[in-house]
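Using the working numbering, the first residue of the sequence shown is number 47, and each one after it goes up by one. The structure appears right after this line, and notes come after that.
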Amino acid sequence: MTCLRLTEGTAGDEATFSPETARRLREDKIADVTSLGGHRWRVKPLLKVGAIRFPDLELHIRPKISISRLWFLLGFAYDKVQQGWQEREVTATEHPDLLAAMAYAFLQGAANALKHGLPHGYRRESRALPVVRGRIREADQLRRHHGRLFPVEVDYQGFTNDVPETQVLRAATERLLALPGVDPKAEARLRDLLARLRQASPSRPGVVPRWVPGPANLRYRTVLGLADVILRGGSLEFGTRPASGSPVVNGLLVQMDKIFEDFLHRALEQILISHGGTWIGNEAVKITTNSSLTIKPDIRWVARQKTQAVIDAKYSDHTDKARDYRFQVITYCAALECLQGHIVYAGGPQGSSIVHHRLRGRLAIDLYEHRLDLAAPLSSLRDQIQTIAELMLANTTTVT
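Written out as C-alpha coordinates, the structure is:
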(Lines of atoms letter the chains of each structure in order from A and count residues from 1; the text may use other names and numbers.)
(Lines give C-alpha, C1' and ligand atoms only; values in the text may rest on other atoms or scores of the structure.)
Protein backbone atom coordinates (compact mmCIF):
# COMPACT_ATOMS: atom_id res chain seq x y z
CA MET A 1 0.00 0.00 0.00
CA THR A 2 1.22 3.50 -0.88
CA CYS A 3 1.34 6.03 1.98
CA LEU A 4 1.16 9.64 0.79
CA ARG A 5 1.49 12.68 3.07
CA LEU A 6 0.47 16.07 1.70
CA THR A 7 -0.24 19.58 2.94
CA GLU A 8 -3.44 21.42 2.05
CA GLY A 9 -3.00 24.12 -0.58
CA THR A 10 0.25 22.75 -2.03
CA ALA A 11 1.01 21.41 -5.50
CA GLY A 12 0.83 17.85 -4.18
CA ASP A 13 2.98 14.87 -5.08
CA GLU A 14 3.10 11.71 -7.17
CA ALA A 15 1.94 8.26 -6.10
CA THR A 16 0.99 4.87 -7.50
CA PHE A 17 -2.54 3.49 -7.05
CA SER A 18 -5.47 2.10 -9.02
CA PRO A 19 -7.82 4.01 -11.35
CA GLU A 20 -10.67 3.12 -8.95
CA THR A 21 -8.94 4.98 -6.11
CA ALA A 22 -8.28 7.92 -8.44
CA ARG A 23 -11.97 8.02 -9.33
CA ARG A 24 -12.98 8.07 -5.65
CA LEU A 25 -10.54 10.88 -4.89
CA ARG A 26 -12.11 12.95 -7.67
CA GLU A 27 -15.74 12.11 -6.95
CA ASP A 28 -15.43 12.83 -3.23
CA LYS A 29 -13.54 16.07 -3.98
CA ILE A 30 -10.59 15.07 -1.85
CA ALA A 31 -7.96 15.89 -4.46
CA ASP A 32 -7.32 16.77 -8.08
CA VAL A 33 -5.84 13.67 -9.67
CA THR A 34 -3.87 13.78 -12.94
CA SER A 35 -2.75 10.64 -14.73
CA LEU A 36 0.98 10.33 -15.43
CA GLY A 37 0.59 7.06 -17.28
CA GLY A 38 -0.08 3.54 -16.07
CA HIS A 39 -1.06 3.56 -12.40
CA ARG A 40 1.03 6.65 -11.64
CA TRP A 41 -0.84 9.82 -10.60
CA ARG A 42 -0.19 13.36 -9.42
CA VAL A 43 -2.35 14.15 -6.39
CA LYS A 44 -3.13 17.77 -5.46
CA PRO A 45 -5.13 18.20 -2.23
CA LEU A 46 -8.24 20.38 -2.23
CA LEU A 47 -10.13 21.62 0.85
CA LYS A 48 -10.29 18.50 3.01
CA VAL A 49 -7.75 17.60 5.69
CA GLY A 50 -7.34 14.46 7.75
CA ALA A 51 -6.65 10.89 6.72
CA ILE A 52 -8.30 8.24 4.60
CA ARG A 53 -7.38 4.67 3.69
CA PHE A 54 -8.23 2.99 0.39
CA PRO A 55 -7.25 -0.62 -0.42
CA ASP A 56 -4.06 0.60 -2.13
CA LEU A 57 -3.53 4.13 -0.76
CA GLU A 58 -3.28 5.71 2.67
CA LEU A 59 -3.58 9.48 2.28
CA HIS A 60 -2.80 12.02 5.00
CA ILE A 61 -3.53 15.71 4.37
CA ARG A 62 -2.21 18.23 6.87
CA PRO A 63 -3.92 21.66 7.16
CA LYS A 64 -1.98 24.75 6.08
CA ILE A 65 -2.73 26.34 9.46
CA SER A 66 -1.36 24.88 12.68
CA ILE A 67 -3.08 21.90 14.24
CA SER A 68 -3.76 23.90 17.42
CA ARG A 69 -5.44 26.70 15.43
CA LEU A 70 -7.52 24.21 13.46
CA TRP A 71 -8.54 22.70 16.78
CA PHE A 72 -9.69 26.13 17.94
CA LEU A 73 -11.74 26.67 14.77
CA LEU A 74 -13.28 23.22 15.14
CA GLY A 75 -14.22 24.03 18.71
CA PHE A 76 -15.92 27.24 17.65
CA ALA A 77 -17.69 25.63 14.70
CA TYR A 78 -18.98 22.76 16.86
CA ASP A 79 -20.55 24.80 19.65
CA LYS A 80 -20.95 21.78 21.95
CA VAL A 81 -17.16 21.61 22.27
CA GLN A 82 -16.33 25.15 23.22
CA GLN A 83 -18.11 28.34 24.18
CA GLY A 84 -16.58 31.62 23.08
CA TRP A 85 -12.97 32.66 22.91
CA GLN A 86 -11.88 31.07 26.18
CA GLU A 87 -9.05 28.60 26.47
CA ARG A 88 -10.15 25.04 25.83
CA GLU A 89 -10.34 22.45 28.55
CA VAL A 90 -8.65 20.08 26.12
CA THR A 91 -5.70 21.28 24.05
CA ALA A 92 -4.39 19.59 20.92
CA THR A 93 -0.72 18.74 21.07
CA GLU A 94 1.11 19.84 17.95
CA HIS A 95 1.20 16.45 16.25
CA PRO A 96 2.09 16.27 12.56
CA ASP A 97 -1.35 14.89 11.69
CA LEU A 98 -4.86 15.97 12.59
CA LEU A 99 -5.96 12.48 13.60
CA ALA A 100 -3.05 11.98 15.99
CA ALA A 101 -3.88 15.28 17.68
CA MET A 102 -7.57 14.39 17.73
CA ALA A 103 -6.91 11.01 19.35
CA TYR A 104 -4.80 12.47 22.16
CA ALA A 105 -7.23 15.33 22.76
CA PHE A 106 -10.12 12.85 22.98
CA LEU A 107 -8.17 10.66 25.40
CA GLN A 108 -7.33 13.65 27.58
CA GLY A 109 -10.94 14.82 27.55
CA ALA A 110 -12.19 11.33 28.42
CA ALA A 111 -9.70 11.00 31.28
CA ASN A 112 -10.87 14.32 32.76
CA ALA A 113 -14.58 13.60 32.30
CA LEU A 114 -14.60 10.00 33.53
CA LYS A 115 -12.74 10.61 36.81
CA HIS A 116 -16.09 10.37 38.61
CA GLY A 117 -17.48 7.50 36.57
CA LEU A 118 -19.32 6.83 33.33
CA PRO A 119 -22.38 8.81 32.23
CA HIS A 120 -25.49 7.24 33.67
CA GLY A 121 -29.22 7.62 33.90
CA TYR A 122 -32.50 5.78 34.27
CA ARG A 123 -34.18 3.77 31.57
CA ARG A 124 -37.56 2.09 31.45
CA GLU A 125 -37.23 -1.68 31.73
CA SER A 126 -39.97 -4.25 31.07
CA ARG A 127 -39.11 -7.64 32.56
CA ALA A 128 -40.41 -10.72 34.34
CA LEU A 129 -38.88 -10.72 37.86
CA PRO A 130 -39.12 -13.00 40.92
CA VAL A 131 -40.05 -9.94 43.04
CA VAL A 132 -42.30 -6.93 42.55
CA ARG A 133 -40.43 -3.86 41.34
CA GLY A 134 -42.09 -0.76 39.94
CA ARG A 135 -45.49 -1.24 38.29
CA ILE A 136 -47.11 -4.62 37.59
CA ARG A 137 -48.26 -5.07 34.01
CA GLU A 138 -51.49 -6.87 34.83
CA ALA A 139 -52.57 -7.70 31.29
CA ASP A 140 -49.18 -9.24 30.46
CA GLN A 141 -49.17 -11.12 33.79
CA LEU A 142 -52.52 -12.78 33.05
CA ARG A 143 -51.73 -13.50 29.40
CA ARG A 144 -48.27 -14.97 29.96
CA HIS A 145 -48.51 -16.68 33.36
CA HIS A 146 -52.21 -17.75 33.56
CA GLY A 147 -52.85 -16.82 37.19
CA ARG A 148 -49.46 -17.73 38.66
CA LEU A 149 -48.02 -15.16 41.05
CA PHE A 150 -44.40 -15.46 39.92
CA PRO A 151 -42.53 -14.39 37.95
CA VAL A 152 -44.07 -10.90 37.92
CA GLU A 153 -44.31 -8.85 34.74
CA VAL A 154 -43.24 -5.33 35.75
CA ASP A 155 -42.17 -1.95 34.40
CA TYR A 156 -39.56 -0.02 36.36
CA GLN A 157 -36.92 2.67 35.96
CA GLY A 158 -33.52 0.96 36.01
CA PHE A 159 -30.20 2.67 36.73
CA THR A 160 -27.84 2.14 33.79
CA ASN A 161 -24.65 3.33 32.12
CA ASP A 162 -26.12 2.44 28.72
CA VAL A 163 -27.24 5.99 27.96
CA PRO A 164 -26.75 8.09 24.78
CA GLU A 165 -23.70 9.86 26.22
CA THR A 166 -21.85 6.59 26.88
CA GLN A 167 -22.93 5.25 23.49
CA VAL A 168 -21.47 8.35 21.80
CA LEU A 169 -18.15 7.92 23.62
CA ARG A 170 -18.00 4.24 22.67
CA ALA A 171 -18.76 4.99 19.01
CA ALA A 172 -16.09 7.72 18.87
CA THR A 173 -13.51 5.42 20.48
CA GLU A 174 -14.28 2.62 18.01
CA ARG A 175 -14.03 5.03 15.11
CA LEU A 176 -10.65 6.37 16.19
CA LEU A 177 -9.35 2.80 16.51
CA ALA A 178 -10.36 2.09 12.91
CA LEU A 179 -8.79 5.21 11.40
CA PRO A 180 -5.31 5.46 9.86
CA GLY A 181 -2.79 7.72 11.59
CA VAL A 182 -3.31 6.83 15.27
CA ASP A 183 0.04 5.92 16.84
CA PRO A 184 0.53 2.73 18.93
CA LYS A 185 0.57 4.50 22.32
CA ALA A 186 -2.72 6.25 21.62
CA GLU A 187 -4.17 3.02 20.22
CA ALA A 188 -3.34 1.14 23.42
CA ARG A 189 -5.01 3.83 25.54
CA LEU A 190 -8.04 3.81 23.26
CA ARG A 191 -8.42 0.05 23.70
CA ASP A 192 -8.30 0.47 27.48
CA LEU A 193 -10.97 3.16 27.22
CA LEU A 194 -13.12 0.96 24.97
CA ALA A 195 -13.01 -1.87 27.53
CA ARG A 196 -14.46 0.56 30.07
CA LEU A 197 -17.15 1.78 27.67
CA ARG A 198 -18.45 -1.66 26.65
CA GLN A 199 -21.33 -1.24 29.10
CA ALA A 200 -22.89 0.90 26.38
CA SER A 201 -24.68 -0.60 23.40
CA PRO A 202 -22.71 -0.50 20.13
CA SER A 203 -24.10 1.86 17.51
CA ARG A 204 -25.80 0.39 14.45
CA PRO A 205 -23.90 0.66 11.14
CA GLY A 206 -24.54 4.03 9.52
CA VAL A 207 -26.27 5.46 12.62
CA VAL A 208 -24.51 8.10 14.73
CA PRO A 209 -25.72 8.21 18.36
CA ARG A 210 -27.11 11.56 19.51
CA TRP A 211 -26.98 13.27 22.87
CA VAL A 212 -28.72 16.40 24.16
CA PRO A 213 -26.85 18.93 26.34
CA GLY A 214 -28.33 19.20 29.84
CA PRO A 215 -27.41 19.56 33.51
CA ALA A 216 -26.88 15.80 33.90
CA ASN A 217 -24.08 15.66 31.32
CA LEU A 218 -22.43 19.00 32.05
CA ARG A 219 -19.09 17.54 33.16
CA TYR A 220 -18.98 15.33 30.06
CA ARG A 221 -19.76 18.20 27.68
CA THR A 222 -16.23 18.74 26.36
CA VAL A 223 -15.40 15.11 25.55
CA LEU A 224 -18.87 14.60 24.07
CA GLY A 225 -18.26 17.58 21.82
CA LEU A 226 -14.96 16.09 20.74
CA ALA A 227 -16.78 12.82 20.04
CA ASP A 228 -19.21 14.75 17.83
CA VAL A 229 -16.28 16.15 15.84
CA ILE A 230 -14.91 12.62 15.40
CA LEU A 231 -18.28 11.11 14.45
CA ARG A 232 -19.75 13.96 12.41
CA GLY A 233 -16.68 15.78 11.12
CA GLY A 234 -16.00 13.29 8.37
CA SER A 235 -16.90 14.08 4.79
CA LEU A 236 -17.30 10.41 3.83
CA GLU A 237 -19.53 7.71 5.19
CA PHE A 238 -17.39 5.66 7.55
CA GLY A 239 -16.88 1.96 6.89
CA THR A 240 -19.64 1.61 4.31
CA ARG A 241 -19.71 -0.02 0.92
CA PRO A 242 -21.14 2.19 -1.84
CA ALA A 243 -23.96 0.81 -3.97
CA SER A 244 -21.62 0.66 -6.97
CA GLY A 245 -19.63 -2.10 -5.26
CA SER A 246 -16.58 0.08 -4.66
CA PRO A 247 -14.30 -1.11 -1.85
CA VAL A 248 -14.76 0.05 1.72
CA VAL A 249 -12.79 3.17 2.68
CA ASN A 250 -12.08 4.29 6.22
CA GLY A 251 -11.28 7.88 7.01
CA LEU A 252 -12.06 11.17 8.65
CA LEU A 253 -11.80 14.26 6.50
CA VAL A 254 -12.65 17.74 7.73
CA GLN A 255 -14.00 20.23 5.19
CA MET A 256 -11.91 23.36 5.79
CA ASP A 257 -14.10 25.87 3.95
CA LYS A 258 -17.12 24.69 5.95
CA ILE A 259 -15.20 24.94 9.23
CA PHE A 260 -14.15 28.51 8.34
CA GLU A 261 -17.72 29.45 7.41
CA ASP A 262 -19.14 28.01 10.65
CA PHE A 263 -16.44 29.75 12.70
CA LEU A 264 -17.22 33.10 11.08
CA HIS A 265 -20.96 32.58 11.58
CA ARG A 266 -20.70 31.79 15.29
CA ALA A 267 -18.03 34.39 16.04
CA LEU A 268 -20.03 37.26 14.50
CA GLU A 269 -23.25 36.01 16.10
CA GLN A 270 -21.62 35.95 19.52
CA ILE A 271 -20.30 39.51 19.22
CA LEU A 272 -23.54 40.98 17.88
CA ILE A 273 -26.03 38.89 19.87
CA SER A 274 -26.91 41.81 22.15
CA HIS A 275 -28.07 43.80 19.11
CA GLY A 276 -30.83 41.33 18.31
CA GLY A 277 -31.82 39.75 15.05
CA THR A 278 -31.36 36.21 13.76
CA TRP A 279 -28.32 34.64 12.14
CA ILE A 280 -29.12 32.31 9.24
CA GLY A 281 -26.63 30.07 7.48
CA ASN A 282 -26.95 28.50 4.03
CA GLU A 283 -30.70 28.90 3.75
CA ALA A 284 -32.17 28.89 0.25
CA VAL A 285 -34.12 32.06 -0.56
CA LYS A 286 -36.56 32.24 -3.50
CA ILE A 287 -36.00 35.40 -5.55
CA THR A 288 -38.51 35.01 -8.40
CA THR A 289 -42.29 35.19 -8.35
CA ASN A 290 -42.63 31.63 -9.62
CA SER A 291 -39.91 30.33 -7.25
CA SER A 292 -37.82 29.14 -10.19
CA LEU A 293 -34.61 30.78 -8.93
CA THR A 294 -33.06 30.60 -5.49
CA ILE A 295 -29.93 31.94 -3.83
CA LYS A 296 -28.12 30.53 -0.80
CA PRO A 297 -25.88 33.07 0.96
CA ASP A 298 -23.35 31.66 3.42
CA ILE A 299 -24.54 33.86 6.30
CA ARG A 300 -27.34 36.40 6.71
CA TRP A 301 -28.11 38.73 9.60
CA VAL A 302 -31.89 39.22 9.63
CA ALA A 303 -33.81 41.64 11.84
CA ARG A 304 -37.27 43.17 11.64
CA GLN A 305 -38.05 40.80 8.73
CA LYS A 306 -35.24 42.33 6.65
CA THR A 307 -31.75 41.14 5.78
CA GLN A 308 -29.37 43.61 7.44
CA ALA A 309 -26.13 42.09 6.10
CA VAL A 310 -24.91 39.33 3.80
CA ILE A 311 -21.60 37.60 4.57
CA ASP A 312 -19.78 35.33 2.14
CA ALA A 313 -16.92 33.24 3.58
CA LYS A 314 -14.05 32.40 1.22
CA TYR A 315 -11.51 30.02 2.68
CA SER A 316 -9.59 29.74 -0.60
CA ASP A 317 -8.15 33.01 -1.85
CA HIS A 318 -8.51 32.68 -5.63
CA THR A 319 -7.58 36.21 -6.74
CA ASP A 320 -8.56 35.32 -10.30
CA LYS A 321 -12.13 34.76 -9.07
CA ALA A 322 -12.41 37.95 -6.98
CA ARG A 323 -14.56 39.63 -9.62
CA ASP A 324 -17.00 36.69 -9.63
CA TYR A 325 -17.14 36.74 -5.81
CA ARG A 326 -18.02 40.45 -5.82
CA PHE A 327 -20.81 40.05 -8.34
CA GLN A 328 -22.13 37.05 -6.41
CA VAL A 329 -22.49 39.07 -3.19
CA ILE A 330 -23.87 42.09 -5.06
CA THR A 331 -26.53 39.79 -6.56
CA TYR A 332 -27.40 38.49 -3.09
CA CYS A 333 -27.72 42.02 -1.72
CA ALA A 334 -29.81 43.28 -4.65
CA ALA A 335 -32.18 40.30 -4.49
CA LEU A 336 -32.61 40.69 -0.72
CA GLU A 337 -32.72 44.52 -0.81
CA CYS A 338 -29.80 44.51 1.60
CA LEU A 339 -27.54 47.55 1.77
CA GLN A 340 -24.31 45.84 2.79
CA GLY A 341 -22.37 42.75 1.77
CA HIS A 342 -19.13 41.38 3.19
CA ILE A 343 -16.66 38.98 1.57
CA VAL A 344 -14.35 37.50 4.20
CA TYR A 345 -11.21 35.74 2.98
CA ALA A 346 -9.06 33.47 5.10
CA GLY A 347 -6.06 35.62 4.29
CA GLY A 348 -2.38 35.36 5.07
CA PRO A 349 0.08 38.11 5.98
CA GLN A 350 -2.28 40.83 4.77
CA GLY A 351 -4.10 40.46 8.07
CA SER A 352 -7.39 42.30 8.50
CA SER A 353 -7.11 44.69 5.55
CA ILE A 354 -10.45 46.03 4.27
CA VAL A 355 -11.43 47.07 0.73
CA HIS A 356 -14.63 49.11 0.33
CA HIS A 357 -16.77 49.50 -2.80
CA ARG A 358 -19.86 51.77 -2.98
CA LEU A 359 -22.23 50.87 -5.79
CA ARG A 360 -24.14 53.42 -7.80
CA GLY A 361 -27.88 53.19 -8.10
CA ARG A 362 -31.00 53.30 -6.00
CA LEU A 363 -29.81 50.79 -3.40
CA ALA A 364 -26.26 52.21 -3.07
CA ILE A 365 -24.94 48.88 -1.77
CA ASP A 366 -21.75 48.93 0.29
CA LEU A 367 -19.48 45.98 -0.50
CA TYR A 368 -16.58 45.20 1.83
CA GLU A 369 -13.73 42.73 1.37
CA HIS A 370 -11.91 41.55 4.51
CA ARG A 371 -8.90 39.33 5.16
CA LEU A 372 -8.66 37.35 8.38
CA ASP A 373 -5.21 36.27 9.50
CA LEU A 374 -6.08 32.88 10.99
CA ALA A 375 -2.51 32.41 12.20
CA ALA A 376 -2.60 35.56 14.35
CA PRO A 377 -2.79 35.34 18.17
CA LEU A 378 -6.34 34.71 19.38
CA SER A 379 -6.65 38.24 20.77
CA SER A 380 -5.73 39.66 17.35
CA LEU A 381 -8.10 37.29 15.55
CA ARG A 382 -10.91 38.35 17.84
CA ASP A 383 -10.12 42.02 17.13
CA GLN A 384 -10.37 41.32 13.40
CA ILE A 385 -13.81 39.75 13.87
CA GLN A 386 -14.79 42.66 16.12
CA THR A 387 -13.85 45.12 13.34
CA ILE A 388 -16.14 43.35 10.87
CA ALA A 389 -18.97 43.27 13.41
CA GLU A 390 -18.63 46.99 14.20
CA LEU A 391 -18.61 47.81 10.48
CA MET A 392 -21.79 45.80 10.00
CA LEU A 393 -23.41 47.57 12.92
CA ALA A 394 -22.40 51.00 11.64
CA ASN A 395 -24.09 50.30 8.31
CA THR A 396 -27.49 49.41 9.72
CA THR A 397 -30.08 50.90 12.02
CA THR A 398 -30.54 49.62 15.57
CA VAL A 399 -32.14 46.20 15.35
CA THR A 400 -32.96 45.41 18.97
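For glycine and all other residues, C-beta sits at the position ideal for the given N, C-alpha and C.
How many Å lie between V178 and G163 at the Cα?
-> 29 Å
Ordered along the chain, which non-local residues of its own chain (more than five positions away) have a Cβ less than 6 Å from that of E66?
-> Hits under 6 Å: none found.
With a threshold of 16 other CB atoms inside 10 Å of the CB of L233, please say whether the residue is buried or exposed.
-> With the sequence shown as reference, residue 233 is identified as Glu, and Leu is not the correct amino acid for it. Exposed: under 16 other Cβ atoms inside 10 Å.
When I98, D59, W325 are compared against R88, the one with the closest alpha-carbon | D59
Which parts of the region 201-263 are runs of the alpha helix (DSSP H), unbroken and 4 residues or longer, counting only runs that do not cross its ends?
-> 210-224, 230-243
If you compare alpha carbons, which of I333, V200, S337, L418 is closest to C379?
-> The option with the nearest alpha carbon to C379 is I333.
Going straight from the alpha carbon of P261 to that of P255, what length do you get?
-> Roughly 19 Å between the two C-alpha positions.
Please report how far the alpha carbon of T206 lies from the alpha carbon of Q154, in whole angstroms.
-> 24 Å
Separation of F152 from L222, as counted between CA atoms = Spanning the two alpha carbons is a distance of roughly 9 Å.
Buried or exposed (CB count within 10 angstroms, at least 16 for buried), V390 | buried
Find out if the Cβ-Cβ distance for the pair M47, L82 is shorter than 8 Å.
-> no
Pairwise C-alpha distance: S172 and I111 = Looking at the two C-alpha atoms, the distance is approximately 53 Å.
Is there contact here, the region 369-386 with the region 406-423, by at least three beta-carbon pairs under 8 Å?
-> yes
According to DSSP, residues forming a beta bridge with Q386 = D412
Per-residue burial, L188 [other beta carbons within 10 Å of its own, 16 or more giving buried] | exposed
Is the Cβ-Cβ distance between L119 and F373 less than 8 Å?
-> Not a contact, by the Cβ cut-off of 8 Å.
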